[in-house]
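Report on the structure given below.
Residue numbers (mature numbering (1 follows the signal peptide of the UniProt record, and there is no 0)): -25 to -1, 1 to 394.
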């Protein structure tokens, strides 16, 4: 029974990897109290005269999308502004739009080829690899005994990456406890639910059980309205309005309290012999919950070579914001904390549910660290031994890729050893 379901899931994932659909299944049918968000993002509100470059935040609502594009012509457009324009255009939520861009990574395929003195056109065989065996296995993503450019390609249009994200969505559909770990009982229960007392299922039964009959890429009940997305963006729930540090820039220092009440940790006190892996996340982000166990596995593999630290940030899908029925299904219903004590309490629930072993720090209620690192709703960083940013993932959920981070960590170690 288990192997049968596995075959169906793999086949379904290949099909789903080719699918694309509109983000917005609904349009707003309600008035807003202070700003008519729908009119603002549709360019239907009365526009202001452009006298400068609109800054990320409520100032954007004073301009039409065309005015914003014109104001930023020839300049680098911040992530939050790009996402605002995607929402205005009714674009799809994917890592090719808005804030869901690629990672900033010091360690590229060209870097690895140069380290080995080889052409970037040729793969690196195991016998020529200048690093430990366990490192080779991590970089050789497809396991064919050769490290190629494709093994280090985490772009949104990479076939493996597409299928991996589809598998994650199927995983979250089956895993019913919200802890990011699927049990055999959950696996079998899902099959039983689909089969409806039969001993086998067909491909379309599995497809319909996972997709249902939605009109968008979201599960039923999860698709947001435009005004909901704008409110979430302005509140920092679906992403910080700030950019975070650039690649190779100094990591902003901070000091935060631990969720377990055992004291405070200052980032700069950890900079030195080992790199630091910074993990930003929150409990109401379903993809973060599902991928956190992979972060724990990376930590267990490399605890001797890096310090791991998690920062708990603002909720992405609170019950009083962009609420998700998929969260309700697994028992996650949390309103946005309004005090630090409330956020600490939710962080403690997160730590207990996900069984975190790394120190979990709680961001201040004004989101000072989450904004400094553009860490909402989830993001990964590697800080090198000099306190510089060596790796900065794309913004979650689409840019949150633990295995990409692990590859960067391995290459950072290789670079340190060859100096």
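Each residue gets a CB set at the ideal place from its N, CA and C atoms; glycine is no exception. Owing to the predicted nature of the structure, the values given are computational and were not obtained by experimental measurement.
Residue i and residue j closer than 8 Å at C-beta
| i | j | result |
| --- | --- | --- |
| residue 243 | residue 228 | yes |
| residue 333 | residue 263 | no |
| residue 257 | residue 107 | no |
| residue 77 | residue 369 | yes |
| residue 281 | residue 249 | yes |
| residue 232 | residue 241 | no |
| residue 211 | residue 346 | yes |
| residue 110 | residue 285 | no |
| residue 305 | residue 152 | yes |
| residue 246 | residue 360 | yes |
| residue 266 | residue 155 | yes |
| residue 222 | residue 358 | no |
| residue 75 | residue 374 | yes |
| residue 58 | residue 208 | yes |
| residue 236 | residue 348 | no |
| residue 381 | residue 113 | yes |
| residue 101 | residue 120 | yes |
| residue 62 | residue 205 | yes |
Bounding residues of the alpha helix (DSSP H) (the contiguous stretch that carries residue i)
| i | result |
| --- | --- |
| residue 225 | Neither: residue 225 is in no alpha helix (DSSP H) and is coded neither H nor E. |
| residue 355 | Taken as a continuous stretch (DSSP letters only), residue 355 belongs to no alpha helix (DSSP H), being part of the beta strand (DSSP E) at 354 to 358. |
| residue 383 | 377 to 392 |
| residue 206 | 201 to 210 |
| residue 373 | Careful: residue 373 lies outside any alpha helix (DSSP H) and carries neither H nor E. |
| residue 113 | 108 to 114 |
Same chain, Cβ closer than 6 Å to residue i, neighbours up to 5 away in sequence not counted
| i | result |
| --- | --- |
| residue 224 | 364 |
| residue 392 | none |
| residue 99 | 91 and 122 |
| residue 116 | 126 |
| residue 378 | none |
| residue 4 | At residue 4 the pLDDT is 35, less than 50, meaning the model places this residue with poor confidence; the figure from the coordinates comes in the next sentence. None. |
| residue 230 | 239 and 241 |
| residue 176 | 169 and 170 |
| residue 60 | 40 |
| residue 55 | 31 and 216 |
| residue 83 | none |
| residue 104 | 111 |
Close-in-space but distant-in-sequence residues of the same chain around residue i (CB under 7 Å, 5 per side omitted)
| i | result |
| --- | --- |
| residue 322 | 234, 287, 335 and 337 |
| residue 308 | 294 and 302 |
| residue 203 | 297 |
| residue 157 | 146, 149 and 150 |
| residue 259 | 290, 291, 292, 293, 302, 307 and 309 |
| residue 270 | 254 and 377 |
| residue 88 | 94 and 95 |
Residues sharing a beta bridge with residue i, DSSP
| i | result |
| --- | --- |
| residue 367 | 79 and 356 |
| residue 401 | Here the chain covers residues -25 to 394 and nothing more, so residue 401 does not appear. |
Beta-carbon contacts of residue i that lie in its chain and below 8 Å, excluding the five residues immediately before and after
| i | result |
| --- | --- |
| residue 313 | 340 |
| residue 44 | 60 |
| residue 28 | 46, 47 and 50 |
- Message: Runs of 3 residues minimum, wholly inside the stretch 227 to 301: which ones carry the beta strand (DSSP E) assignment?
- Response: 230 to 233, 239 to 241, 251 to 256 and 282 to 287
- Query: What runs of the beta strand (DSSP E), each 3 residues or longer, lie entirely inside the stretch 305 to 351?
  - Reply: 335 to 337
- Runs of beta strand (DSSP E) wholly within the stretch 18 to 106 (minimum 3 residues, chain order): none
- Query: In chain order, which continuous runs of the alpha helix (DSSP H) of length 4 or greater are located wholly inside the stretch 127 to 179?
  - Reply: 134 to 149 and 159 to 170
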